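Residue numbers (the working numbering): 135 to 248.
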Amino acid sequence: MKNGQLKLVIIISSDADADRLMKALIERGYPATKISSTGGFLHRGNATILSGVEANEVDQVLTMVRSECHARSEYIPVQALPFFGEGTAPSEPVEVRVGGAIVFVVNVEQFEKT
Ligand code: 2BA
């Protein structure tokens, strides 16, 4: 990385989408690190990808995120949700958005490689 304005792109996505996105990022020469993570709402495994890039590369990274991470709907039994808990009487499943990506772009104050 050069010494321009650096950005850290933080991407939270499903595991399956994250694998494809990692491949796409690396093939195009963007550095990326994948961390296993867990969603607080669904308690499912997901993946967090960190990619430190130049400010003028952020749009290209976001284009790849949009093409690899597609949102869809799933119906989850209400008992599986943390705020209802076990022992809740059965009722209609709840529609929840899964897949897709949550993206934060933050300024990097300092970058060092030792
Ligand atoms: P989870 O917290 O497990 O949330 C999974 C999906 O459940 C969310 O998808 C959303 O569609 C739904 N959901 C979450 N909280 C909800 C609520 N209080 N009521 C109704 N539905 C709710 P996404 O929004 O695409 O988020 C996917 C994952 O991204 C989240 O997994 C979480 O791990 C992360 N995430 C989302 N927003 C975040 C934020 N502001 N800060 C940090 N992590 C975030």
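Note that CB positions come from ideal geometry on N, CA and C, so glycine has one too.
As the structure is a computational prediction, the values presented were derived from the model and not from experiment.
Any beta carbon from chain B within less than 8 Å of residue i's own beta carbon?
i	result
Q244	No chain B is part of this structure, which consists of one protein chain only.
Please determine whether the Cβ atom of residue i lies at a distance below 7 Å from any heavy atom of the ligand 2BA.
i	result
L196	no
I145	no
N180	yes
V230	yes
Comparing alpha-carbon positions, which option in the options lies nearest residue i?
i	options	result
N190	E246, Q244, G138 and K247	G138
Y209	R231, G173, S147 and I183	R231
K247	V143, I144 and G186	G186
T331	V195, S207, A214 and I145	Outside the displayed range of the chain (135 to 248) lies residue 331, so it cannot be described from this structure.
N241	R200, A205, D149 and E188	E188
A235	T197, E243 and H204	H204
I169	G163, L142, D149 and Q194	D149
Are there 16 or more other CB atoms within 10 angstroms of the CB of residue i, so buried, or fewer, so exposed?
i	result
D151	buried
V147	One detail in the question is off: residue 147 reads as Ser in this sequence, not Val. Flag for S147 reads buried.
N180	buried
Under 6 Å Cβ to Cβ from residue i, same chain only, skipping five residues before and after it: list those, please.
i	result
P216	none
To which residues of the same chain is residue i closer than 7 Å at the C-beta, ignoring the five residues directly before and after it?
i	result
E202	D151, R154, L155 and A158
R206	V232 and G233
From the DSSP secondary-structure annotation, give me the bridge partner or partners of residue i.
i	result
T182	I146 and I169
Y164	Looking at the DSSP assignment, Y164 forms no beta bridge with any residue, so it has no partner.
Once you ignore the five residues that flank residue i on each side, which residues in its own chain have a CB closer than 8 Å to its CB?
i	result
T172	R178, G179 and N180
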